[in-house]
Every structure is written in C-alpha cells, then in structure tokens.
Ligand SMILES: [Zn+2]
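Numbering (the numbering used here), first residue to last: 2 to 48.
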C-alpha cells in the first residue's frame, strides 16, 4: 500500500444557507475534504 502525506490545498470557500463557512480542500492525488466552520458573529451587546 502506498501512502503519502496529503497536502490540503484550499479549493474554495462558501457560506451555506445556515451561515456556516464551508471550506473545500483537495490534494493533488484527488482526495478532497469539506470542513464547515460555525461563524458566531452574534454580539449581544451590539445595538
Ligand atoms: Zn494526497
């Protein structure tokens, strides 16, 4: 079995309908990843 260290290249960023940041990454070998980040931009003290 051949293995190599994946290099995650950012392939794109998007914002879902729920307001989450969706990051697409991929390696040159073809492996892909999708990571979602919850963006908590709520500030209760903001007017
Ligand atoms: Zn790879």
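From the three backbone atoms N, C-alpha and C, an ideal C-beta is built for every residue, glycine too.
Leaving out five residues before and five after residue i in sequence, what residues of the same chain have Cβ atoms less than 7 Å from its Cβ?
{"i": "residue 40", "result": "20, 21 and 22"}
Within 7 Å: the Cβ of residue i and any heavy atom of ligand 1?
{"i": "residue 7", "result": "yes"}
{"i": "residue 32", "result": "yes"}
Following the continuous beta strand (DSSP E) through residue i, name the residue where it begins and the one where it ends.
{"i": "residue 24", "result": "22–27"}
{"i": "residue 11", "result": "10–16"}
With H, G and I counted as helix, E and B as strand and the rest as coil, what does DSSP make of residue i?
{"i": "residue 39", "result": "coil"}
With a threshold of 6 Å on Cβ separation, who are the neighbours of residue i within its own chain once the five nearest residues in sequence on each side are excluded?
{"i": "residue 35", "result": "25"}
{"i": "residue 28", "result": "7 and 8"}
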